[in-house]
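Quick note, this note's numbering runs 796 ahead of the 1-based positions in the sequence shown.
C-beta: ideal position from N, C-alpha, C; glycine also.
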Amino acid sequence: MEEQSLKVKNILFFVVLALILGTIPYLIAWGLTDNAHQFFGAIVNVDDFKAYLSAIQQGRQGYWLFHYNFTPEQYEPQLMYPLYILIGKLAGILGGKNIVWLHISRLAFGLFTFLAFRFWVQSMFPKSKSLQLSAWLLISFGSGFGLFIVLINWDPVNLPLDLIVPELNTITNLISSPHYILAVGLLAVYFGSLQLFATEESSSKWALIATFAGLGIGLIYPYQIPMIGLTTGLWLITIALRQKRIPWKKWAQGAVVLAPLTIMLVYYALVARQDALWELTFVANHGRPSPSPWKLFLAFGFLAVFAAASIFRQVRVLKSSTFLLPIIWAAVNLFVLYLPFPFALRLVLGLHIPIGSLAAIFVEETILPGLKKFNISRGVILFATVPTTLLFVSFVSTIAAGENNYPYYYLESEITAVDWLAAQLEEDDLILANYHLGGYIPTVMNAKVFMGQFAITIDYRDKIALAQKFWEADTPQSWREDFVKEWGITHIIQAAAEASDSGERIVLPYEVIFQQNGVTIYSIE
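Rendered as structure tokens:
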């Protein structure tokens, strides 16, 4: 008799394959680095990596709150990037480069998430190992019609969503950032626990697990709090309607599950937004409006088709409490996705879990029985749903490997200069450097920069313009003196970007403390 539960050994090959796919782009970019450059370590969301690495650097030097080192204005430290602060504390204990620890964390969280998917499908489909496997595969590797779209009409300006929005599927989550892939895993644990909490008599354990999973999501990906809260509330109401009574015990436990999320929602929506830089970082500068429904449908491709068929074709699905949770989850997520939030597109993270689960029902109950008549296996479904996943891996690998230039690479001479400076500076120093070098500096030291990360630099475009004016040959030295005094700049880095088109370099009347391989560092008394 077939075992009714998906074992780790059943998915081990695919887990290893997924982790390899999530590593290949970085290995290619690192392997193709020439002797004059150094790979920064990021391929997707490069600017955001600067903030993550800065948080790791701050954590390893003892901080618990995030300091705004990418802008000269003074702000109080805030509860930001707590996951990366913790990674930094581990790095401080064990040693090693910040970027190495970021990638170790990314792969470790990826492993956790693939196992969390196993927990989710087991909680959803406890009596069918085959259905668990189909759901796990579709959630882990499924993607949309992106490949077919670019084959029909390649338009680099208007690429399909599943090639440019890393939140859309698991492999892009894995390649992108550690907190993306961890948040997806925690969503699987949260809703898997919610399912067991609702359907099992011994619910306290699952309520507790859901509470901690929800707390983790709220800390590392707070955009999902409204969706989690609404889904949980509707799920509890659905339980009451199905039982034709109010299950006060489960509702009380549900209130406990939602309590930390409610507190965090109040904090993020009301308290944190009083901080101008927090508002700039997570709202104003992270504006990503909702996609058109058509583009979102194409981004999920066959998964959306199969999921819709699973809901509308089979009335008995709606009568089963087993299948109601992913339906509610998907419906609420889509509803919240189209609310007028400036960051609405970020709410798509994790949506592929319920969609992949619902798609698996249709695959198992309708498609596979038909395929078996022709001796065709489950593999043909994967062939139809995963090509864009592989295309994304190839796509980002090609981007980074194209040429050894910013933002993926830094000149070795500039890295050497910054590393030297890191040993000399104090926390209250302020460095003027070009934008891309300014983005690197806070990842290796706690000194502040004049500009360096668009989401955390106040009026970053204006600051870029001011810096450009500083290095123009016809700018009066008196203007530079006033500029330095006004902002309190203590050090200036003159690198390759500060040379004119003819190669001439402006000589400043300040003390030169470093000069090597085309990089000069000035100290302002």
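- Per the coordinates, the alpha-carbon of Leu1133 lies some 32 Å from the alpha-carbon of Trp860.
- Note: Gln800 is not bridge-paired with any residue in the DSSP secondary-structure output.
- Between the segment 1247-1263 and the segment 1188-1197 there are fewer than three inter-stretch CB-CB distances shorter than 8 Å, so the stretches are not counted as touching.
- Counting only the Cα atoms, Leu927 lies some 14 Å from Ser936.
- Taken in chain order, the segment 947-981 contains no complete beta strand (DSSP E) segment of 3 residues or longer.
- The C-alpha of Ala1003 is placed about 47 Å away from the C-alpha of Gln834.
- In this structure Thr1185 is not in contact with Leu934, their Cβ atoms being roughly 11 Å apart against a cut-off of 8 Å.
- In the same chain as Ser901, and ignoring 5 residues on each side of it, the C-beta atoms closer than 7 Å to its own belong to Ile883, Pro974, in chain order.
- Counting C-beta pairs closer than 8 Å gives fewer than three between the segment 948-957 and the segment 1024-1043, which falls short of the contact rule.
- Here Pro1138 is near Val1079, since their CB atoms are less than 8 Å apart.
- In this chain, Leu828 is not harboured by any beta strand (DSSP E), its DSSP state being neither H nor E.
- Cβ contact annotation for Phe1102 (same chain, cutoff 7 Å, sequence separation greater than five): Ala1155, Phe1158, Val1159, in chain order.
- Beta-carbon to beta-carbon, Ala825 and Tyr1204 are separated by about 6 Å, close enough to satisfy the 8 Å threshold.
- For the set Pro1305, Phe910, Leu1073, the Cα lying nearest the Cα of Ser1274 is the one of Pro1305.
- No Cβ-Cβ contact shorter than 8 Å links Ile1151 with Ala1127.
- Listed in chain order, the alpha helix (DSSP H) elements of length 4 or more contained wholly in the segment 884-949 are 894-920, 925-937, 942-948.
- Boundaries of the beta strand (DSSP E) harbouring Val1315: 1315-1319, taken from the DSSP string.
- A straight line joining the alpha-carbon of Gly891 with that of Lys885 spans about 10 Å.
- Annotated three-state conformation of Lys1040 is coil, per DSSP.
- In the DSSP assignment, Val1280 falls within the unbroken alpha helix (DSSP H) covering 1273-1283.
- A straight-line Cα-Cα distance of about 52 Å links Ile1237 and Glu996.
- Contact check between the segment 1001-1016 and the segment 971-989: three or more CB pairs, one atom from each, fall below 8 Å, which counts as touching.
- In this structure Val980 is buried. Its beta-carbon is surrounded by 16 or more other beta-carbon atoms within 10 angstroms.
- In this structure, DSSP gives Gln1220 a state outside helix and strand, which the three-state scheme calls coil.
- In the three-state reduction of the DSSP assignment, Tyr1306 falls in the coil class.
- Counting only residues of its own chain and dropping the five nearest sequence neighbours on each side, Thr909 has a CB closer than 6 Å to the CB of Ile977, Val980, Gly981.
- Taking the Cβ atoms as the reference, His1148 lies roughly 45 Å from Asp1225, outside the contact range of under 8 Å.
- Counted as a single uninterrupted DSSP element, the beta strand (DSSP E) harbouring His1287 occupies residues 1287-1290.
- Bridge pairing for Lys1244: Leu1226 [DSSP].
- Each residue's CA atom was taken as its position, placing Phe1093 and Ala1100 some 6 Å apart.
- Ala1243 sits away from Ile1260, with the two beta carbons spaced by 8 Å or more.
- Only residues of its own chain outside the window of five on either side were considered, and among them Ser1209 have a CB closer than 6 Å to the CB of Asn1313, listed in chain order.
- Proximity to Ile1016 across Tyr848, Gln1039, Glu1268, Glu1277 peaks at Tyr848, based on C-alpha coordinates.
- Between Leu959 and Phe1191 a beta carbon distance of about 6 Å is seen, short of the 8 Å cut, so the two are scored as contacting.
- From the listed residues Leu964, Asn965, Ala1036, Ile1021, the smallest Cα separation to Ala994 is found for Ala1036.
- Residue ranges of uninterrupted beta strand (DSSP E) with 3 or more members, entirely inside the segment 1143-1213 and ordered along the chain, are 1205-1207.
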